[in-house]
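Enquirer:
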Amino acid sequence: MLRKKTGGLARRTARTGLISDISNKSVDRRAFLRGSGLAIGGLAAISATGGTVTQASAAGAVKGAVETVKSVCTHCSVGCTVIAEVSNGVWIGQEPGWDSPFNLGAHCAKGAAVREHAHGERRLKYPMKKEGGEWKRISWEQAIDEVGDKMLASRDAHGPDSVYWLGSAKHNNEQAYLFRKFAAYWGTNNVDHQARICHSTTVAGVANTWGYGAMTNSYNDIHNSRAIFVIGGNPAEAHPVSLLHLLKAKEQNNAPVIVCDPRFTRTAAHADEYVRFRPGTDVALVWGILWHIFENGWEDKEFIRTRVWGMDQIKEEVAKWTPEEVERVTGAPGSQLERVARTMANNRPGTVIWCMGGTQHTNGNNNTRAYCVLQLALGNMGTSGGGTNIFRGHDNVQGATDLGVLSHTLPGYYGLSAGAWAHWARVWGEDLDWLKAQFHSEGSGEDAKNLMNSTGIPVSRWIDGVLEDPENIDQPDNVKVMVLWGHAPNSQTRMTEMKTAMEKLDTLVVVDPFPTVSAVLHDRTDGVYLLPAATQFETRGSVTASNRSLQWRDKIMEPLFEAKTDHEIIGLFANKFGFADRLFRNIEMEDENTPVVESVTREFNRGMWTVGYTGQSPERMKLHMANQHTFDRTTLQAIGGPADGDYYGMPWPCWGTADMKHPGTPNLYDMSKPVSKGGLTFRARFGVERDGDNLLAEGVYSAGSEIQDGYPEFTYQMLKDLGWHTDLTNEERAFIAKAAGVEGFADYTKEVGEAGMSPFPSDFDDQVAKVNWKTDLSGGIQRVAIAHECAPFGNAKARAVVWTFPDPVPLHREPLYTPRYDLVADYPTYEDKKFYRLPTLYKSIQAKDFSGEYPIILTSGRLVEYEGGGDETRSNPWLAELQQDMFVEINPRDANNLGVRDGAQVWVEGPEGGKVKVMAMLTERVAPGVAFMPFHFGGHFQGEDQRSKYPEGADPYVLGESTNTAQTYGYDSVTQMQETKSTLCKIVAA
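When you line the sequence shown up against our numbering, it's residues 7 to 996, in that order.
As structure tokens, then:
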């Protein structure tokens, strides 16, 4: 139970020497007071588990000592530490982590209520299936047998791709890794998770600009910012604790805060400059700012010369975006953008922050690259206080993305090429031919095609995987079985079609602590299974915060009811399908179904060389969690103590093996530090030249580098050319031989002897020349490169122009459903195309002008009280009390013209026919012609309350319409990110 603090002050847990001497278990002051009868209110103590009034003695307090267990909040990506108070296995109370450098004793409303997430009475309590229209309790054995038989039958009849494995940003890293590996062993790339619909355009855009698709700095590093530019993000509500770090910079540095958003948010209320602009015009807005920067010569010319490729082409495009044209397209005055540009130029380093307001567009990859180009032009990259601070949404959406729960890649962003599969087969100790045989193949000889190397259907399009004509899908048949494993379907658009898709499936399986909207959206009477998963507080494992730091969660309590951990459920299915012995061959097991979490960590440590998930062993992560107090609150570096010199959580890349003791990389691309101490260059992943131009850095390099210029990524051949290959141990050379497929050296170890090269043939160097830093399982190539203070991935220029994308230079393109049809001729969308196995519509939708009948722009976003699809948080009585109604924000001018009063019920209808009945909130937060709805609600559908369709006792306290019922078609041209921030609607009184 949450307890109020006396006097309004939060208090650190206190200890008494007497109690510590008597008991091995820690007892905090309040536990002692409760036990001794000295609690407020006399001798009565209120039990946290039932409200029973009891009288206790001091001896009772000693006997029932309260243990404290550290975990990490399961909501947004800040990574706040939660201190659980546990008595006899029962979680009775919680405190924020005082020593955590991320939250420093703070919690938002959601974080303060996470105990209820674990102990919540609205959870799924046991496996269930829908039979004859009624929910029926079944055993786990029956559930796995029935579901498994249906999946195997579908595989036999329609191929392995007929089963879609939708994973979760709520899995810890170990579970996410196992989930992706499990899908590979099943034989499909139809596997994905929430990142596809929140930050996939970030990952694609940012990775293709400078190498890695992640937040470059950290929340804490914002303390060093001299300007803060927020676009398409609302940290005050979406990541509340992060706002403490922003306000620290604002206060101590007098850093101006600039917020660009179509809606005046709670974050905008803290801004020195608020820029309102039309949804879907981010590129035009950023180019409008850059126009003033280039016009006045405020760009960092030396930074551009030495570290950026393609800025001249950017300048050509930006020159078109005069203040007049920018105002015509975005609505933002040129004079205001000139002031913004001047502020950014005069206050460096400045940071750029964005979230889903910038990503969830058909133009999303162009938006994220434009934000990056702004920072490159200002020279704000690779410096403390600068960078792109990309706030991720879920607690482990960063980690689940890194671990490859995606339809287009294997763990570590290795992709799906033959070489990528060969790498992971080596890590897994698997027969590559056996893996290939698990996937669908067609043709023979040179025409043979194996779907192992083909991107799967993204989660944003699973609906079309079910409904599309099978002749139009690049797989043998439609999706027949849908597994929603820790995913809220109401977070996706086109819910009217989703209902149809759910009803057309042969089988629908939901694995989750809560039933989610998946249980009620459809009108199915059979073929639906609900499997209760444990929460992350009922297991242990690592989780990656938005800043790339890995933290270790300890288990607070045993799983409640009949819930099982996600990795045990994976084990149950693997045994049912007959490949558990292969899946877990190198992993220690607690029992036949349950892998040891730490052993899973060690397995992905052996393979995740690309992004440096190799140096964070379980022991190092646990050491950091136990010694949080030793880390600096701004630099995140440990000052003395057992982790001295490490950066908190060893933010990736943490190079080499754990034995190398690399400290982690606090700020990506910061050349002021040696690579061995957390410094980095831009990644050389795009080659060494383009059209005769040099793509490598010119005359700049990280501190202490022995190569004092740009250089490509490291291979064995490069080590040899430099004369550094002799630094490799014989054991490392044996691993390199195995990566190259050279026979006879796989079992060579240092025990054979370190002296000389005699065990290796004379042509050894030639045979292994192409082995690179990403595929060398020994880590030797990385180790040697870093010993010479070079980045294993090279030293290149960032590329402002991505020639592999539909728009090499980011362009403004009007949304498919645009209110400004007069601009379509100048800024049209794409031609219809086919990718990710499915046809995707662009021009054929934009060909019609919908703005007459649907004149209001519809956008969506977050509330501070709820998270994601909201099933968990709306089932939490503490949070449900705070926000009980789904609503639409309408500008008073629009409302008055429509005859709508504040608090009245209205219909919001989209141009594809979906409509929702919600409460009207009249507010000037939104401009005339714009409406906003939060996306956390579900349980109502087009005016109908669906509470009766939930299993008894598992319905959330608060239900409401989902904004995505009224949202429309639209997908990013690179990643298939859904469009949720700029469509059209009409509003009428209900």
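For every residue, glycine included, the Cβ atom is placed at its ideal position computed from N, Cα and C. Keep in mind that this is a model prediction, so the values were computed, not measured.
In terms of DSSP beta bridges, what is Ser548 paired with?
Expert: Paired residue(s): Trp558.
Enquirer: For Lys780 and Leu296, what's the separation of their Cα atoms in angstroms?
Expert: C-alpha separation (whole angstroms): 37 angstroms.
Enquirer: Which residues in the same chain have their Cβ closer than 7 angstroms to the Cβ of Arg591, if we skip the five residues on either side of it in sequence?
Expert: Same-chain partners within the cutoff: Gly435.
Enquirer: From what residue to what residue does the alpha helix (DSSP H) around Asp518 run?
Expert: No alpha helix (DSSP H) contains Asp518, which is instead part of the beta strand (DSSP E) from 513-518.
Enquirer: Would you mind sorting Arg809 into buried or exposed? The rule is 16 or more other CB atoms within 10 Å of its CB.
Expert: With the sequence shown as reference, residue 809 is identified as Trp, and Arg is not the correct amino acid for it. Exposed: under 16 other Cβ atoms inside 10 Å.
Enquirer: Can you give me the Cβ contacts of Ile576 inside the same chain, cut-off strictly under 6 angstroms, excluding the 5 residues immediately before and after it?
Expert: These residues qualify, in order along the chain: Leu184, Phe188.
Enquirer: Looking only at its chain, what residues have a beta carbon closer than 6 angstroms to the beta carbon of Gly211, apart from the 5 residues adjacent to it on each side?
Expert: Result list for Gly211: Asn371, Thr374, Arg375, in chain order.
Enquirer: Where DSSP assigns a beta bridge to Asp198, which residues make up the other side?
Expert: Per DSSP, Leu172.
Enquirer: Using the three-state DSSP reduction, which class does Ser93 fall into: helix, strand or coil?
Expert: If DSSP states are grouped into helix, strand and coil, Ser93 belongs with the strands.
Enquirer: Give me the Cα-Cα distance between Val411 and Asp401, rounded to the nearest whole angstrom.
Expert: So the two alpha carbons sit approximately 15 angstroms from each other.
Enquirer: Leaving aside the five residues before and after Asn459 along the sequence, list all residues of the same chain whose C-beta is less than 7 angstroms from its C-beta, in chain order.
Expert: The answer, listed in chain order, is Leu422, Ser423, Ala424.
Enquirer: For the putative contact between Val526 and Lys955, defined by C-beta atoms under 8 angstroms, what is the C-beta separation to the nearest angstrom?
Expert: Confirmed, Cβ separation roughly 4 angstroms.
Enquirer: The beta strand (DSSP E) with Met925 in it runs from where to where?
Expert: First-last of the beta strand (DSSP E) with Met925: 921-928.
Enquirer: Out of Pro940, Asn226, Met134, which has the shortest C-alpha to C-alpha gap to Glu958?
Expert: Residue Met134 is the option with its Cα nearest to Glu958.
Enquirer: What's the gap between the Cα of Cys361 and the Cα of His229?
Expert: Answer to the nearest angstrom: the Cα atoms are 19 angstroms apart.
Enquirer: Kindly confirm or deny that the segment 704-723 and the segment 670-688 touch, where touching means at least three C-beta pairs closer than 8 angstroms.
Expert: Verdict: yes, contact present.
Enquirer: State the DSSP-derived secondary structure class of Lys256, mapped to helix, strand or coil.
Expert: Lys256: helix per DSSP, three-state reduction.
Enquirer: Distance cutoff 8 angstroms, beta carbons only. Does Val914 sit that close to anything in chain C?
Expert: In the displayed structure, chain C is absent; only one protein chain is listed.
Enquirer: For the segment 76-88 against the segment 537-554, are there 3 or more C-beta pairs whose distance is under 8 angstroms?
Expert: Segments in contact, yes.
Enquirer: How should Glu180 be labelled, buried or exposed, when 16 other C-beta atoms within 10 angstroms of its C-beta is the threshold for buried?
Expert: Buried, since its Cβ has 16 or more Cβ neighbours within 10 Å.
Enquirer: Using a 10 Å radius around the Cβ and a threshold of 16 neighbouring Cβ atoms, would you call Ala325 buried or exposed?
Expert: Classification for Ala325: exposed.
Enquirer: Identify whether Asp572 lies in helix, strand or coil by the three-state DSSP scheme.
Expert: Note: Asp572 maps to helix in three-state DSSP.
Enquirer: Where Leu965 and Tyr707 are concerned, what is the direct C-alpha to C-alpha distance, given to the nearest angstrom?
Expert: For Leu965 and Tyr707, the distance between alpha carbons rounds to 56 angstroms.
Enquirer: Since Ser231 contacts Asn259 with CB under 8 angstroms, what's their CB separation in whole angstroms?
Expert: With 8 angstroms as the limit, Ser231 and Asn259 qualify as a contact, their Cβ atoms being about 7 angstroms apart.
Enquirer: Please give the ranges of any beta strand (DSSP E) in the segment 355-433, keeping only runs that are unbroken, at least 3 residues long and fully inside the region.
Expert: Counting only runs of 3 or more, we get 356-360, 394-396.
Enquirer: Which whole-angstrom value is the C-beta distance of Gly286 and Lys744, which I expect to be below 8 angstroms?
Expert: At roughly 50 angstroms, the Cβ-Cβ gap does not stay under 8 angstroms, so Gly286 and Lys744 are not in contact.
Enquirer: Please go through the same chain and pick out, in chain order, the residues whose beta-carbon is closer than 6 angstroms to the beta-carbon of Met927, but skip the five residues on each side of it.
Expert: Same-chain partners within the cutoff: Phe893, Glu895.
Enquirer: Assign Gln148 to buried or exposed, taking buried as 16 or more other Cβ atoms, counted over all protein chains shown, within 10 Å of its Cβ.
Expert: Flag for Gln148 reads exposed.
Enquirer: Per DSSP, Gly696 forms a beta bridge with which residues?
Expert: The residue asked about is misnamed: residue 696 is Arg in this sequence, not Gly. Partner(s): Asp699.
Enquirer: Exposed or buried, what is Gly95 when buried is set at 16 or more other beta-carbons lying within 10 Å of its beta-carbon?
Expert: When all chains shown are included, Gly95 counts as exposed.
Enquirer: Would you mind working out which of Val197, Lys992, Ala175 sits nearest Val169, comparing C-alpha positions?
Expert: Answer by Cα proximity: Val197.
Enquirer: Using the three-state DSSP reduction, which class does Met939 fall into: helix, strand or coil?
Expert: If DSSP states are grouped into helix, strand and coil, Met939 belongs with the strands.
Enquirer: Measuring only the C-alpha atoms, how far is Arg608 from Gly646?
Expert: Taking the straight line joining both Cα atoms gives about 27 angstroms.
Enquirer: Please go through the same chain and pick out, in chain order, the residues whose beta-carbon is closer than 7 angstroms to the beta-carbon of Lys803, but skip the five residues on each side of it.
Expert: Answer for Lys803: Arg313, Val314, Trp315, Phe688, Leu701, Leu702, Ala703, listed in chain order.
Enquirer: So Gln952 and Gly916 are in contact, right, with Cβ under 8 angstroms, and what is the actual spacing, rounded?
Expert: Actually they are not in contact, since the Cβ atoms of Gln952 and Gly916 sit about 20 angstroms apart, beyond 8 angstroms.
Enquirer: With a CB to CB cut of under 6 angstroms and the five nearest residues on each side skipped, what residues in its chain are close to Trp216?
Expert: So the list reads Phe688, Ala804, once near-sequence residues are dropped.
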